Amino acid sequence: MSYAPPAILFEGREWSSDELTGLALAWREAIASEVDRWPGVVAHAMANHPEAVALLFALSSLPAPVVLLPADLRGWQSSPPIPAGTPLFLPPALHALAVEGERLGLRSRPLTAPPAAVRARPAAFMTAPALVFFTSGSTGAPRPVSRTFPQLVNAGLAPMKAIGWPAQAKVIVSLPLDRSFGMHQGLMAATVLGRPLALQRRFQHHALLALFASGEYHYWAGTPVMADVLGRCQLPEDGPRRPPAPPFCIVGGRPSPSVGEAFRERFGVPLRQLYGTTETAAITMDAAPAPLVRPQTAGRPLPGVSVRIGDDPRTPLGPGTLGRVWVSTPGCTAGYGFPPALQRPSLVDGWWPSPDVGELDGDGILTLAGRLDDCVRTRAGHVVSPAAVASALESYPGVMETVVVPIGPSADPVLAVLLESARPLDIERVRDHLATRLPPWSQPPVIEQTRALPRLASGRADRLACIARLEHTR
Amino acid sequence: MIDPIQARVQAIVADIAGAHRSPRDAAAATPLGANGYWLDSIDLLEVVLACEKAFDVRLSEVDDLTPDTLASVGTLTDLIRRKLG
Chain S
1 MSYAPPAILF
11 EGREWSSDEL
21 TGLALAWREA
31 IASEVDRWPG
41 VVAHAMANHP
51 EAVALLFALS
61 SLPAPVVLLP
71 ADLRGWQSSP
81 PIPAGTPLFL
91 PPALHALAVE
101 GERLGLRSRP
111 LTAPPAAVRA
121 RPAAFMTAPA
131 LVFFTSGSTG
141 APRPVSRTFP
151 QLVNAGLAPM
161 KAIGWPAQAK
171 VIVSLPLDRS
181 FGMHQGLMAA
191 TVLGRPLALQ
201 RRFQHHALLA
211 LFASGEYHYW
221 AGTPVMADVL
231 GRCQLPEDGP
241 RRPPAPPFCI
251 VGGRPSPSVG
261 EAFRERFGVP
271 LRQLYGTTET
281 AAITMDAAPA
291 PLVRPQTAGR
301 PLPGVSVRIG
311 DDPRTPLGPG
321 TLGRVWVSTP
331 GCTAGYGFPP
341 ALQRPSLVDG
351 WWPSPDVGEL
361 DGDGILTLAG
371 RLDDCVRTRA
381 GHVVSPAAVA
391 SALESYPGVM
401 ETVVVPIGPS
411 ADPVLAVLLE
421 SARPLDIERV
431 RDHLATRLPP
441 WSQPPVIEQT
451 RALPRLASGR
461 ADRLACIARL
471 EHTR
Chain H
1001 MIDPIQARVQ
1011 AIVADIAGAH
1021 RSPRDAAAAT
1031 PLGANGYWLD
1041 SIDLLEVVLA
1051 CEKAFDVRLS
1061 EVDDLTPDTL
1071 ASVGTLTDLI
1081 RRKLG
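Following this line, the structure appears as structure tokens:
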């Protein structure tokens, strides 16, 4: 099956599929001989712009692996760094990135617009050997993750299969296309459907509401923060009290209950969680009929994907028990690094160890509970998620913010909580509250309250100071 | 005497930043980001939503909300003033 760039609506202008295909073909001709001779990867700043989409399709038809850089390269650096001298191709809209590209040791190669429109014709797009994304960098410098184009196509197809192949669907994406989630749930979703894509340069809530109001779109992919803004921003005065929204609104992350409720109340459609990672693309999704969607859960594994919970995927834990999420998927990365020098992922019998913890219910529906790095393992072997404890605590009236941390020796840690409250709270009542929301092994033995958490200059809670205080109390 | 629009903008920003992040000597020139209120992109979105509601204006993401207009309390105040006509 051959794919072509989807038609794109961008900042009020429609770029047809033929126009984008023509651009891709022109740029392909301009760079083919250089890429053919180049022995390594080539780089592309994947901005949310139609020209960047056309250039991606051009590069995807050449024999070099393509590295997708963010559009904002200021201060950006990966680990390992991109090989020095790698060509960075820049369409006219992105020429300003040349300086930052040089800072990274890349060889900036600005492209010009073709002098005349190039007639579209079928081309073997998406045949390049690999596409390299980067991890988010939330736990260190962004790390390159290699994926293949067939994996990319499958990752775009899987959610569409799950929701039943909407025939007239159009797609809106407010997410950055250089990230795995935006690429798969935005550009690839529109590409595999062969349907138009409304592309936002960045999240713009007024423009997004206008797209929603058009009633033409079927699928929107965003984040819980975006959904939060949409659920409570000012609506146009002349618009309906309940504005329309695409029937499938997908968020990559767990929205708070209040965000999920506000969104459903305002738009009449539920938020659906889609869980995925850069290494695997989409893993699970809530594709249930609208009345049955539960925004707090991440849904069921997508077609072709399996999930297990536990320390070892060969001996998985049963329903209702928290543990590491293991994933078996044909979409798993071939490895970390820049092709062909890849460090293979550490699989166990074909199962990839995600960095996340969660639990499956009796119906196979996954609920995520944070990252494994943040979890505490009790002496009895139970995995306790501080995020789940914090969430339960913060639903208690008067609790403003909490820091949930392990204290004591690492071999036998104790879960401790410092909670911020403007007024004194009865800690026994707080414990009663937790007892109805958390299993016994997740109950924190140490709970202390304060009127003001110790904070860093940035305003975030100072975890080390909190730990010192809790250790002292204990 | 402090301009009433600036006072309201400053109150909105301080409310979102919280007491621990609001500089004691905050003024029109106080940056909204680093070395000022230390607002991140999500905080800035909150400020925009709160200003739209408080002043009943619509701030265009393309034309109005630029790094220059979101630089400080003063530049944001100037933007609101322009929108109010």
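Keeping their order, the protein sequence lines are chains S and H.
With the first letter of the first sequence counted as 1, position 262 gets the number 262 in this note's numbering; the numbers rise by one all the way through.
With the first letter of the second sequence counted as 1, position 77 gets the number 1077 in this note's numbering; the numbers rise by one all the way through.
No residue lacks a Cβ here, since even glycine has one placed at the ideal position from N, Cα and C.
Since the model is a prediction, treat every value here as computed from it, not as a measurement.
According to DSSP, simplified to helix, strand and coil, what is residue i?
i: residue 448 of chain S; result: strand
i: residue 87 of chain S; result: strand
i: residue 250 of chain S; result: strand
i: residue 145 of chain S; result: strand
i: residue 1081 of chain H; result: helix
i: residue 296 of chain S; result: coil
i: residue 359 of chain S; result: strand
i: residue 341 of chain S; result: strand
i: residue 333 of chain S; result: coil
i: residue 1072 of chain H; result: strand
i: residue 11 of chain S; result: coil
i: residue 107 of chain S; result: strand
i: residue 328 of chain S; result: strand
i: residue 441 of chain S; result: helix
i: residue 128 of chain S; result: coil
i: residue 100 of chain S; result: helix
i: residue 44 of chain S; result: strand
i: residue 306 of chain S; result: strand
Would residue i and residue j qualify as a contact pair, given that the criterion is a beta-carbon distance under 8 angstroms?
i: residue 73 of chain S; j: residue 97 of chain S; result: yes
i: residue 418 of chain S; j: residue 464 of chain S; result: no
i: residue 246 of chain S; j: residue 218 of chain S; result: yes
i: residue 453 of chain S; j: residue 376 of chain S; result: no
i: residue 1055 of chain H; j: residue 1084 of chain H; result: yes
i: residue 196 of chain S; j: residue 444 of chain S; result: no
i: residue 15 of chain S; j: residue 70 of chain S; result: no
i: residue 1016 of chain H; j: residue 1043 of chain H; result: yes
i: residue 159 of chain S; j: residue 56 of chain S; result: no
i: residue 38 of chain S; j: residue 54 of chain S; result: no
i: residue 35 of chain S; j: residue 62 of chain S; result: yes
i: residue 259 of chain S; j: residue 224 of chain S; result: yes
i: residue 205 of chain S; j: residue 1060 of chain H; result: no
i: residue 193 of chain S; j: residue 222 of chain S; result: no
i: residue 146 of chain S; j: residue 339 of chain S; result: yes
i: residue 179 of chain S; j: residue 248 of chain S; result: no
i: residue 1081 of chain H; j: residue 1005 of chain H; result: yes
i: residue 85 of chain S; j: residue 181 of chain S; result: no
i: residue 42 of chain S; j: residue 110 of chain S; result: no
i: residue 336 of chain S; j: residue 191 of chain S; result: no
Can you tell me whether residue i is buried or exposed? The criterion is at least 16 other CB atoms within 10 Å of its CB, across all chains shown.
i: residue 45 of chain S; result: buried
i: residue 170 of chain S; result: buried
i: residue 165 of chain S; result: exposed
i: residue 472 of chain S; result: exposed
i: residue 1021 of chain H; result: buried
i: residue 400 of chain S; result: exposed
i: residue 344 of chain S; result: exposed
i: residue 272 of chain S; result: buried
i: residue 79 of chain S; result: exposed
i: residue 292 of chain S; result: exposed
i: residue 367 of chain S; result: buried
i: residue 1066 of chain H; result: exposed
i: residue 329 of chain S; result: buried
i: residue 1062 of chain H; result: exposed
For residue i, which option in the options has the closest C-alpha, if you only look at C-alpha atoms?
i: residue 371 of chain S; options: S:385, S:381 and S:53; result: S:385
i: residue 334 of chain S; options: S:116, S:151 and S:88; result: S:151
i: residue 1052 of chain H; options: S:349, S:236, S:410 and S:298; result: S:236
i: residue 8 of chain S; options: S:48, S:27 and S:38; result: S:48
i: residue 116 of chain S; options: S:251, S:474, S:239 and S:22; result: S:22
i: residue 214 of chain S; options: S:66, S:172, S:251 and S:192; result: S:172
i: residue 1036 of chain H; options: H:1045, H:1057, H:1005 and H:1010; result: H:1010
i: residue 422 of chain S; options: S:431, S:409 and S:397; result: S:397
i: residue 283 of chain S; options: S:302, S:269 and S:270; result: S:302
i: residue 1071 of chain H; options: H:1007, H:1028 and H:1018; result: H:1028
i: residue 250 of chain S; options: S:220, S:263 and S:256; result: S:220
i: residue 153 of chain S; options: S:126, S:59 and S:433; result: S:126
i: residue 1019 of chain H; options: S:466, S:467, S:468 and S:451; result: S:451
i: residue 106 of chain S; options: S:82, S:357 and S:75; result: S:82
i: residue 149 of chain S; options: S:136, S:124, S:140 and S:142; result: S:124
i: residue 448 of chain S; options: S:136, S:290 and S:424; result: S:424
Opposite residue i in the DSSP bridges: which residues?
i: residue 407 of chain S; result: S:414
i: residue 281 of chain S; result: S:277
i: residue 314 of chain S; result: BP columns for residue 314 of chain S are empty, so no partner.
Check your understanding: If contact means a Cβ-Cβ distance below 7 angstroms, which residues of the segment 273–302 of chain S contact chain A?
Key -> Of the chains in the structure shown, none is chain A; the protein chains are S and H.
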